[in-house]
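Residue numbers (numbering that gives the first Met the number 0), protein chains in the order written: chain A, 0 to 248; chain B, 0 to 253.
Glycine included, C-beta positions come from ideal geometry on N, C-alpha and C.
Everything on this sheet refers to the single structure shown next.
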Amino acid sequence: MNTPKITFTQVSKSYALYHHMAGGIKNILLHPATILEFLRNSRFDALRDISFDIFPGETFGIIGRNGAGKSTTLGLIAGVLKPSQGQILVRGRVSPLLELGAGFHPELTGKENILLNGVLLGLTRSEVRQRMPTIIDFSELGDFIDQPIRIYSSGMLARLGFAVIANLNPDILLIDEVLAVGDQRFQKKCLDKIMEFKNSRVTIVFVSHSMDEILRICDRVAWIEDHTIRMLGGAIEVTGGYTRSLALS
Amino acid sequence: MNTLQQYRDLIIVLTHKEIKLRYKNTLFGYLWSIANPLTFSLVFFLAFKIVMKINMEDYPLFLIAGLFPWQWFSNSLNASSDLFLTNASIIKKVNFARNAIPLATVLQDMIHFLLSIPVLAVFLFGYRKAPSLVWVWGIPFLLLAQLILVYGLSLLIASINLFFRDLQKLVAILVTLTFYCTPIIYPETMIPGQYQYLIHLNPVAPLLIGWRDLFLHGKIEGSRLLVSFFFAFFSLAAGYAVYRKLSWKFAEVL
Chain A
0 MNTPKITFTQ
10 VSKSYALYHH
20 MAGGIKNILL
30 HPATILEFLR
40 NSRFDALRDI
50 SFDIFPGETF
60 GIIGRNGAGK
70 STTLGLIAGV
80 LKPSQGQILV
90 RGRVSPLLEL
100 GAGFHPELTG
110 KENILLNGVL
120 LGLTRSEVRQ
130 RMPTIIDFSE
140 LGDFIDQPIR
150 IYSSGMLARL
160 GFAVIANLNP
170 DILLIDEVLA
180 VGDQRFQKKC
190 LDKIMEFKNS
200 RVTIVFVSHS
210 MDEILRICDR
220 VAWIEDHTIR
230 MLGGAIEVTG
240 GYTRSLALS
Chain B
0 MNTLQQYRDL
10 IIVLTHKEIK
20 LRYKNTLFGY
30 LWSIANPLTF
40 SLVFFLAFKI
50 VMKINMEDYP
60 LFLIAGLFPW
70 QWFSNSLNAS
80 SDLFLTNASI
90 IKKVNFARNA
100 IPLATVLQDM
110 IHFLLSIPVL
120 AVFLFGYRKA
130 PSLVWVWGIP
140 FLLLAQLILV
150 YGLSLLIASI
160 NLFFRDLQKL
170 VAILVTLTFY
180 CTPIIYPETM
190 IPGQYQYLIH
200 LNPVAPLLIG
210 WRDLFLHGKI
220 EGSRLLVSFF
230 FAFFSLAAGY
240 AVYRKLSWKF
250 AEVL
């Protein structure tokens, strides 16, 4: 019926463990054979043989334990990582909701950071300027918007970050559990905004450890365990399976 | 559709940010940028003219004309190693044109060099000389050649440094070495005959000699300009090729 926004076809991703090279020249000279052997075998599988489709307007949740491969999946969707095997198709502009303060500079003011973040996320200056009043309004930062953000609290930073992403007309929105910050009232405002996106049929990929949030927002959920998909289906069914497995272990 | 405009805006915003950050919280801002090459000019003047009595007319002017463009070259190169490292958080999340980061830094240093040219003109007047009309087209040409050269090298260093962090230390040493191998504190005519050929292997030498010729004598030598551009495009081609090969791995190693 409709073409998917995001398609993963048998995607695997492994990393070479570069940081193990830190042994230095001495190590390399003294144990050349061991090092070579090590380099050949030292790959780390972050994802193995993953396939799924995400359709336009769908809200897709990703759950799993720490280190299961959730962030790698988001990185692959955002296009900052390349798959080692398999194929990824993304149709549309991806807006990742950044972790606290990523892409912000502490010495710049809130306003200057909005512009910086906006162009980094793929907008032109005039597009950002048009949305500036809405973004400032949404952030509820008031006069602080003209202060350098190094004086902001973490809650204020989170508000600024979410305000930027929420007002840039995202096409595909990636959210990596950033809602845990800020006070409850602002968290609710963020959730409301996400629901608004959902209702206006923005495609959302949502990573979270909060099963409440997943159940409230997501249509379908993928449960990633041991670097591969353990379960894929309706939100209630998959979160149920995941919660039971957590309780067992 | 408007990707070109988007890229242009990205560079403008990043460059603007660099300029702003350079002067944030300093009282004398701009003065600090020219204080550095001026101090070095003074030091070399004291060492070579006063103490060692080198036979050079208007030696301070000669030094300034070389040290201002050198300052741009060395600042940009020394900054380049860290560029992708310090932007790790955004590189890991967003797929934007990362090559805009070194470009913005090089442009920022270029703008500072441009702002130091009036100071140079003041010194010229002090020695009863004057800026020449040739500057009007000479400066843009040399500016472009140096921009391309420095950008190519920055891109190369910034990319490789992510995988081989020792490069940063190596670059710092090579930049210092290049300084003394380039005719900045001495004229190229003083190099002994059997070593003259070495100057053709130095990619910065034709540029630096070109700047000094332009500033002090108001002339541009066509062949030297051509060689400058040759090195510039070679550097850009090498830098871009390495960047393209490595850039998709940036998010993995950061």
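| Item | Value |
| --- | --- |
| Quick one: is B:W247 near chain A, going by C-beta distance under 8 Å? | yes |
| Would the stretch 105-121 of chain A count as touching the stretch 159-177 of chain A if we require 3 or more Cβ pairs under 8 Å? | yes |
| Which runs of the beta strand (DSSP E) spanning at least 3 residues fall entirely within the stretch 93-122 of chain A, listed in chain order? | 93-96 |
| Pick helix, strand or coil for B:L176, following the three-state DSSP scheme. | helix |
| Counting C-beta neighbours from all protein chains within 10 Å, is the total for B:L45 16 or more, i.e. buried, or is it exposed? | exposed |
| If you measure from the beta carbon of A:H19 to each beta carbon in chain B, is any gap under 8 Å? | Here the model assigns A:H19 a pLDDT of 46, short of 50, so the residue's position is not dependable, and the following value carries that caveat. By this cut-off, A:H19 is not an interface position. |
| With DSSP as the reference, label A:I150 as helix, strand or coil. | helix |
| State yes or no: is the beta carbon of A:R124 nearer than 8 Å to at least one beta carbon in chain B? | yes |
| With a threshold of 8 Å between beta-carbons, can A:R92 be considered close to chain B, or not? | no |
| If you run the structure through DSSP and keep just helix, strand and coil, what is B:Y239? | helix |
| Take A:G60 and list the residues in its own chain whose beta-carbon comes closer than 6 Å to its own, dropping the five residues that flank it on each side. | F205, I213, C217, V220 |
| Secondary structure at A:R124, three-state DSSP: helix, strand or coil? | helix |
| Using the DSSP secondary-structure output, state which residues sit across from A:V10 in a beta bridge. | A:I49 |
| With DSSP collapsed to three states, give me the class of A:D175. | strand |
| So with Cβ pairs under 8 Å, would you call B:M0 a contact of chain A? | Confidence at B:M0 is low in this model, with a pLDDT of 48, below 50, so the placement of that residue is unreliable and no value is reported for it. |
| Exposed or buried, what is B:P205 when buried is set at 16 or more other beta-carbons lying within 10 Å of its beta-carbon? | buried |
| Name, please, each residue of chain B whose Cβ falls closer than 7 Å to the Cβ of A:P252. | Residue numbering for chain A in the displayed model covers 0 to 248; residue 252 of chain A lies beyond these limits and cannot be assessed. |
| Please classify B:V133: does DSSP put it in a helix, a strand, or coil? | coil |
| Buried or exposed for B:M0, please, with buried defined as at least 16 other CB atoms from any protein chain shown within 10 angstroms of its CB. | For B:M0, the predicted model reports a pLDDT of 48, less than 50, meaning its position is unreliable and no value from the coordinates is stated. |
| To the nearest angstrom, how far is it from the Cα of A:P55 to the Cα of A:K197? | 10 Å |
| Just verifying my parser: in three-state terms, what is the DSSP assignment at B:V42? | helix |
| With a cut-off of 8 Å on the beta carbons, I'd call B:Q107 and B:R21 a contact; round off their distance for me. | 7 Å |
| Expressed to the nearest angstrom, what Euclidean distance is found between the alpha-carbon atoms of A:Q146 and A:Q186? | 23 Å |
| What are the start and end residues of the alpha helix (DSSP H) that includes B:W69? | 58-79 |
| Let me see if you follow: with CB-CB separation under 8 Å, is B:Q5 close to chain A or not? | yes |
| By Cβ distance below 6 Å, which residues in the same chain neighbour A:G102 in space, the five residues on each side in sequence not counted? | N116, L119 |
| Below 8 Å on the Cβ atoms is my guess for A:R64 versus A:S11; work out the distance and round it to an integer in Å. | About 19 Å separates the two Cβ atoms, so there is no contact after all. |
| So with CB distances below 9 Å, who are the chain A contacts of B:K128? | Those do not exist, as B:K128 stays about 41 Å from chain A at its closest Cβ, beyond 9 Å. |
| A:T2 by DSSP, collapsed to three states: which one? | coil |
| Where does B:Q254 land, buried or exposed, given buried means 16+ other C-beta within 10 angstroms? | With chain B covering only 0 through 253, there is no way to say anything about residue 254 of chain B. |
| Considering Cα atoms alone, identify which of B:L60, B:K52, B:S40 is closest to B:A129. | B:L60 |
| Are the C-beta atoms of B:D8 and some chain A residue less than 8 Å apart? | yes |
| Given this structure, state the Cα-to-Cα distance separating A:Y155 from A:L140, to the nearest angstrom. | The identity of residue 155 of chain A in the sequence shown is Met, whereas the question assumes Tyr. About 7 Å. |
| Which stretch, first to last residue, makes up the alpha helix (DSSP H) that contains A:G74? | 69-77 |
| In whole angstroms, what separates the C-alpha of A:N295 from that of A:G74? | Residue 295 of chain A falls outside the range modelled here, since chain A spans only 0 to 248, and no answer is possible. |
| Apart from the five residues just before and just after B:V105, which ones in its own chain have a Cβ nearer than 7 Å to its Cβ? | S75, L146, V149, Y150, S153 |
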